[in-house]
Amino acid sequence: MHTTTPPPVGRLLSLQAVRAVAASLVVLVHLGGPTAFEHKVFGSSLLQPVWWPAQSGVDLFFVVSGFVMAVTAGGALFAGAPRPSVGRFAWRRASRVYPLYWAVSLVLLAVVLAAPGLVHGNGEETDLLATFALLPQRGEPLLLVGWTLVYEMGFYLVFTLSLLAGRRGRGAARAVLVAWAAAVLVAGPFVPQGASPWLQVATNPLNLEFGMGVLAGWLVVSGRAAGRGPLLLGAGLTVLLATWVDLSLRGPLTGTGLAMALALGGGSALTVTGLATLEREGRLRVPALLGRLGDASYSLYLVHVPVITLAAIVLARVLPDLRGPAGLALQAVVVVVAFVGCQVAGLLAHALLERPLLTLTRRLERRVASPRGAAARPAQARPERGEVSAAASTLTT
-12 MHTTTPPPVG RLLSLQAVRA VAASLVVLVH LGGPTAFEHK VFGSSLLQPV WWPAQSGVDL
48 FFVVSGFVMA VTAGGALFAG APRPSVGRFA WRRASRVYPL YWAVSLVLLA VVLAAPGLVH
108 GNGEETDLLA TFALLPQRGE PLLLVGWTLV YEMGFYLVFT LSLLAGRRGR GAARAVLVAW
168 AAAVLVAGPF VPQGASPWLQ VATNPLNLEF GMGVLAGWLV VSGRAAGRGP LLLGAGLTVL
228 LATWVDLSLR GPLTGTGLAM ALALGGGSAL TVTGLATLER EGRLRVPALL GRLGDASYSL
288 YLVHVPVITL AAIVLARVLP DLRGPAGLAL QAVVVVVAFV GCQVAGLLAH ALLERPLLTL
348 TRRLERRVAS PRGAAARPAQ ARPERGEVSA AASTLTT
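Position 142 (the sequence shown) corresponds to 129 in this note's numbering; numbering is contiguous.
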């Protein structure tokens, strides 16, 4: 029987589109939450009906993160591709996450020192070492969304271990990932509420969403999803929409966080697999704007909370206290402007800070790898558009 090896997975604009949607959902969470922008400025929330569904933006991010790791670095695990350099993999993950995160966190630290009341929690329960190292802690990091990056870094650690195990063969590499998922499933329900933050992070069902993303990536890399794009996409959207409606009407799913992870993670994984398959087969075209917003999604993810916080402080003091239809109309306009303003801030941060930082880290990487040859290739110093996300993961690429 004649078989062909599936072509390599190149840059997928559909993944960028998903990342743009995921980041935008998280923005909606912080615009309409019970203690967020709308309540601080107007005392009520027009976005309340979508508040719980919008929290699935994090689930989307985690699934795409696992997917991208599978198709960029996981070829050695699934498709017999050459094993990537573990050191280079670890450097690229760290250099994508930390520099921009540190930059934003340092600004917030300066604000805490100058005017503690402007940042949530006044920084009183924040462990600065854990915050900047992205380690589990009982308090909140300076940057509110930093908690998700703790999970991201934990996944990178597990994936790095699987690459190391891959020196003994693909079976050993896969065994690491399977054992990790099994440990989360078995141990998670038995971890008490007040347990060590390290144990709580390690056994949280959210970790399974990375594994679902890896499985989705394997389906695409191996060619097993070929021709099934519409079916997978339809199934994924059906699960997501049904879960979103249920969340909007009743709040979180009853039971443990496992039900939420399986519903939102499973629906996201099916959707991402369907989109990626359709795009690879030339049956899907993604608008360029969504691709650009996806490129800037990490910047948007990091800067939107400070932008919203500052806007809430200013607007709460200058907007008139209107009642009735006029007040609702003003609130709707302000929410839309705030949402668009966050997108613009993300694009600016991406262009002015994120991309230059990526360029710097790539130059450092080349100099360490080849000190004598680094200066001879200046044309390669600046990444092509989209490199920020093409070879890395969701929240961080």
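We treat Cβ as the ideally placed atom computed from N, Cα and C, and that holds for glycine.
Quick one: Cα of residue i to Cα of residue j, how far?
i     : j    : result
A361  : G238 : Any reading at A361 must be qualified, since the residue scores a pLDDT of 43, below 50, and its modelled position is unreliable; no value is offered.
G328  : R354 : 38 Å
N194  : L122 : 15 Å
P307  : A229 : 39 Å
R6    : V99  : 30 Å
G110  : R270 : Note that G110 has pLDDT 45, beneath the 50 cutoff, so the model's placement of it is unreliable and the number below is only indicative. Their Cα atoms are separated by approximately 49 Å.
L265  : L96  : 44 Å
L257  : M199 : 9 Å
R125  : L136 : 15 Å
P103  : E268 : 53 Å
L302  : L130 : 21 Å
V145  : Y138 : 11 Å
P184  : A4   : 33 Å
G20   : G314 : 19 Å
T118  : Q180 : 21 Å
T147  : V14  : 31 Å
G30   : E127 : 25 Å
V51   : Y285 : 13 Å
L(-1) : L262 : 9 Å
A338  : A246 : 39 Å
F142  : G175 : 16 Å
A120  : L224 : 36 Å
A169  : A162 : 10 Å
P36   : Q42  : 12 Å
For residue i versus residue j, is the C-beta distance shorter than 8 Å?
i    : j    : result
A212 : L219 : yes
V208 : L150 : no
A90  : L340 : yes
R23  : H17  : For clarity, residue 23 is Ala in the given sequence; the question names Arg instead. Yes, the pair counts as a contact, with Cβ atoms nearer than the cut-off.
P40  : S235 : yes
T190 : V178 : yes
L251 : D46  : yes
A316 : V28  : no
L64  : G153 : yes
G244 : P192 : yes
V226 : G253 : yes
P71  : A60  : yes
T260 : L206 : yes
Report, in whole angstroms, the separation of the C-beta atoms of residue i and residue j, which I expect to be a contact under 8 Å.
i    : j    : result
E25  : L33  : 7 Å
V188 : S1   : Contact flag wrong, Cβ pair sits at about 30 Å.
F197 : F49  : 5 Å
F54  : G204 : 4 Å
W78  : E352 : 6 Å
Heavy atom of the ligand ADP less than 7 Å from the Cβ of residue i, yes or no?
i    : result
W167 : This structure lacks the ligand ADP; in fact it carries no ligand of any kind.
Unbroken stretches of the alpha helix (DSSP H), 4 residues or longer, contained in the region 2 to 55: DSSP runs (the alpha helix (DSSP H)) wholly in the region 2 to 55: 24 to 29, 38 to 41.
Inter-stretch contact (C-beta, 8 Å, three-pair minimum) for the region 71 to 90 and the region 325 to 345: With a cut-off of 8 Å, the region 325 to 345 and the region 71 to 90 count as touching, because enough Cβ pairs lie within range.
Complete runs of the alpha helix (DSSP H) confined to the region 108 to 142 [at least 4 residues]: Listed in chain order, the complete alpha helix (DSSP H) runs (minimum 4 residues) inside the region 108 to 142 are 115 to 120.
Three CB pairs or more closer than 8 Å across the region 318 to 338 and the region 279 to 294: Counting Cβ pairs under 8 Å, three or more are found: they touch.
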